[in-house]
Structures are given as C-alpha cells and as structure tokens.
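Notes for the one structure printed next.
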Amino acid sequence: MRKEYDFSAARKNPYATQLKKQITIRLDEDSIDYFKSISQAVGIPYQSLINLYLRDCAASHRTLDLQWK
411 MRKEYDFSAA RKNPYATQLK KQITIRLDED SIDYFKSISQ AVGIPYQSLI
461 NLYLRDCAAS HRTLDLQWK
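Counting in this note's numbering, the sequence shown tops out at residue 479, every number present.
If you want it as structure tokens, here you go:
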C-alpha cells in the first residue's frame, strides 16, 4: 500500500442519496422473533428482511385496513 494517497480528483458518491438511513423504530418482540426466524432460514440479516418486506408493501401500495371496535 502507498504511504499517501491523492484524493484531490475524488468525486462524491453519486449513489449516496440511495443509501439506507438509520432510524429508530419500536417493534414488539414477537414481530422481531418472527423475522429473525425467517432470516435464519433464508440466510439474510433480519433487518434487511424487514426492509425488503416494507419496500414490497410500499411498491405494491398496500394499505392496512384497521377497524376499531
């Protein structure tokens, strides 16, 4: 490896706006356990699995039908 690198001609990452954003979300333990068990069977991290599921819901324009009793 070089001792010094020249970054004077470096560019910003053009895909930086497409990167994931860290947030905090509160989920019940049963939901987390559900996605963790699926993630072990599929072989991908459970957070990525939750992200894929939410992305699929958003792409399909799914809405939740809630009715309060």
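Glycine included, each C-beta is placed from N, C-alpha and C at the ideal position.
Terminal residues of the alpha helix (DSSP H) in which residue i lies
i	result
Lys446	439-452
Ile433	First-last for Ile433: undefined, no H or E at that position.
Tyr456	456-469
Close Cβ partners of residue i (< 8 Å) along its chain, the five nearest in sequence each way excluded
i	result
Ile448	Tyr456, Leu459
Lys431	none
Min CB distance residue i to chain B below 8 Å
i	result
Ser441	The displayed structure is made up of one protein chain only, and chain B is not part of it.
Closer than 7 Å: residue i CB and nearest the ligand NAP heavy atom
i	result
Leu474	For the ligand NAP, the structure offers nothing, since it holds no ligand at all.
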